[in-house]
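Comments concern the structure below.
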Amino acid sequence: MKINITVGFVFLLSFGFAQESQLISLAEFKSKIEQNNRSLQANEQEYLQMKAEFQSANAAFLPQLSASHTAFRTDNPVMAFGTLLNQGVFTENDFSVDNLNNPSPISNFVTTFQVEQPLLNFDKLVMRSALKSRSEAQAYQNAFKKEALLLQADRLYMQLQLAYKRVEVIEKSKLTAKENLRVIEDFYEEGLLVKSDVLSAKVRYNEVENALQKANNELQNISEYMHYMMNEEGNLLLPENELSIQMLPSSEASELATRSDLMAMDLSVEATEQMKKSAGMMYLPSLNAFGNVQYFDKDVFGTGAQNFFVGASLQWNLFEGGSRIAKNQQMKAQLNKTRIEAEDYKANAALELQQAKRTVLEAENKMNRNKLSLEQAEEAYTIRKNRFEEGLERTTDLLNAEVMLANQNLLYQQSIFEFNLAQIQVQFLGNAK
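In the working numbering, the protein residues as written are 95 to 527.
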């Protein structure tokens with residue numbers, strides 16, 4: 095494992111050995127996000143919720159079983175007569191008029207096992223398919239959200255690298271500004287410069303101090319946000335390696351068709367189509383079978399007498415006040431809306447991909463130009479510094495050259511970050527699994 099010594103040294107300089115750093119690699123950062131990120135956990139729960147909703151639709155073809163135990167005691171003539179028959183204990187003596195009109199109180203315990211079996215429920219079967227498509231769409235959407243979060247992880251890690259590089263550049267500028275201030279003060283003591291030259295050098299040194307403090311704060315903010323992404327707390331994060339140019343393999347072939355978010359959109363359209371079809375099938379009749387077995391006894395949970403009851407129900411709701419017509423119209427509009435949204439989403443995805451590819455070329459050209467400008471700024475500063483020491487350059491010219499060198503160095507590091515990020519963005523948009 096290679097640790098960049100310069101980055102670590104800058105960190106120690108910046109924080110005065112007062113804070114420990116926590117080394118982290120990009121792979122470790124992504125792994126912790128996948129395991130602990132709360133957003134991903136919430137997405138998974140949303141998928142499980144939709145999956146459970148789909149599983150509940152199995153009631154369209156699976157039987158429903160129930161059991162019950164009922165107890166009562168009565169001397170109601172009708173109830174008593176029927177109870178004796180159900181228990182199978184009716185005798186000739188019970189036919190007497192007095193017993194029929196004034197029966198003795200009787201206890202009855204009924205144990206019932208009941209089953210309901212759907213046979214033909216076309217609308218519910220199609221709705222089940224719609225719910226399945228919805229749950230699959232959510233799974234694809236979660237996969238895309240995960241890839242998007244990992245893209246953000248790439249960006250944050252590179253921002254951390256850039257923040258350390260910015261601190262390193264400003265630290266170098268601080269040393270340069272301090273050295274220039276010393277030389278200018280020496281020249282002033284010798285009577286070669288005026289007081290305003292010294293003040294200008296001090297102003298420049300203060301500017302670098304402020305920039306360094308701002309860079310350190312930004313570094314701390316990025317580190318804290320990375321800890322938030324990992325759902326943990328810890329020390330200041332230190333990247334395993336420093337910011338450098340990453341040349342990723344490019345491919346002209348677009349694989350938009352396999353992007354998980356686009357596949358999710360297709361499944362959403364499919365689910366809406368099935369829901370519309372289900373609404374149309376509400377006009378069809380439904381057929382369901384049912385049956386039960388009952389045990390009657392004068393004792394609790396007794397099985398003294400048994401009977402069964404089976405049958406089937408064909409139900410056809412011919413008119414429901416126009417609600418089904420309105421439901422069909424509603425689903426038709428919903429389907430058209432979903433199709434339009436899916437087409438627009440795909441068109442926008444293709445547009446974003448083309449723009450991202452152009453951004454890579456733009457970022458690469460910008461990086462190359464900034465590299466050339468940095469080399470020129472370094473050469474210009476060296477020339478002006480040598481001429482200043484010989485008394486051939488003004489103080490302001492030297493300070494301006496030093497400022498230009500520092501700014502150009504920062505611009506070059508920023509352009510490296512933008513180039514690397516643009517490449518990753520193209521890979522994400524072109525084939526996000």
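Built from N, CA and C at the ideal position, the CB exists for glycine as well. Nothing here was measured: the structure is a model prediction, and the numbers come from that model.
In chain order, what residues of the same chain have a beta carbon less than 7 Å from the beta carbon of residue i, not counting five sequence neighbours either side?
| i | result |
| --- | --- |
| S44 | This structure cannot speak to residue 44, because the chain is shown only from 95 to 527. |
| N325 | N130, N131, R132 |
Leaving out five residues on either side along the sequence, give the residues of the same chain with a beta carbon under 6 Å from the beta carbon of residue i.
| i | result |
| --- | --- |
| V209 | P157, L159, G385 |
| Q400 | Y389 |
| Y234 | S354, M357, A358 |
| A347 | Reliability fails at A347, whose pLDDT of 49 lies under 50, so the model's placement of it is uncertain and no value is given. |
| T205 | H163, Y389 |
For residue i and residue j, I'd like the C-alpha separation in whole angstroms.
| i | j | result |
| --- | --- | --- |
| Y299 | L342 | 40 Å |
| L214 | Y141 | 29 Å |
| S229 | K145 | 5 Å |
| Q423 | L361 | 21 Å |
| Q143 | K226 | 12 Å |
| N193 | V404 | 33 Å |
| L286 | V302 | 25 Å |
| F482 | Q470 | 18 Å |
| S509 | E312 | 18 Å |
| F281 | E273 | 12 Å |
| Q507 | N310 | 16 Å |
| E512 | E318 | 22 Å |
| T164 | F175 | 18 Å |
| T100 | A247 | A caution first: T100 carries a pLDDT of 43, below 50, which makes its placement in the model too unreliable to give a value. |
| K296 | L275 | 7 Å |
| Q253 | S338 | 12 Å |
| V104 | Y258 | Because V104 carries a pLDDT of 43, less than 50, the predicted location of this residue cannot be relied on, and the following value inherits that uncertainty. If I take the Cα positions, the gap works out to 8 Å. |
| A293 | T476 | The residue asked about is misnamed: residue 293 is Leu in this sequence, not Ala. Computed Cα separation, rounded: 22 Å. |
| Q232 | L250 | 26 Å |
| E414 | K451 | 56 Å |
By DSSP, does residue i sit in helix, in strand, or in coil?
| i | result |
| --- | --- |
| F402 | strand |
| I200 | strand |
| L342 | coil |
| E284 | coil |
| F184 | coil |
| F511 | helix |
| E327 | coil |
| E487 | coil |
| E318 | helix |
| E367 | helix |
| F207 | strand |
| A213 | Sequence inspection shows Leu at residue 213; the Ala mentioned does not correspond to that position. L213: strand per DSSP, three-state reduction. |
| S528 | Nothing can be reported for residue 528: it is not among the residues displayed for the chain, which extend from 95 to 527. |
| L332 | strand |
| L412 | coil |
Return the first residue and the last residue of the alpha helix (DSSP H) that residue i is part of.
| i | result |
| --- | --- |
| S115 | Unbroken run through S115 is the beta strand (DSSP E), 115-118; no alpha helix (DSSP H). |
| G385 | From DSSP, G385 is part of no alpha helix (DSSP H) but of the beta strand (DSSP E) over 380-391. |
| T352 | Element bounds for T352: n/a, residue is neither H nor E. |
| T397 | That residue, T397, is in no alpha helix (DSSP H); it is neither H nor E in DSSP. |
| A444 | 417-483 |
| S150 | 132-150 |
| N193 | 191-195 |
Would residue i be called buried (16 or more neighbouring beta carbons within 10 Å of its own) or exposed?
| i | result |
| --- | --- |
| L331 | buried |
| G416 | exposed |
| D291 | buried |
| I264 | buried |
| L412 | exposed |
| G524 | buried |
| A161 | exposed |
| Q181 | buried |
| R167 | exposed |
| Q517 | buried |
| E262 | buried |
| P171 | exposed |
| K370 | buried |
| E147 | exposed |
With 8 Å as the threshold, decide whether the Cβ of residue i is near any Cβ in chain B.
| i | result |
| --- | --- |
| G176 | Here there is only one protein chain, and chain B is not present. |
Skipping 5 residues on each side, what residues in its chain have a beta carbon closer than 8 Å to that of residue i?
| i | result |
| --- | --- |
| Q368 | V220, M221, S223, A224, S227 |
Can you name the start and end residues of the beta strand (DSSP E) that residue i belongs to?
| i | result |
| --- | --- |
| L159 | 158-168 |
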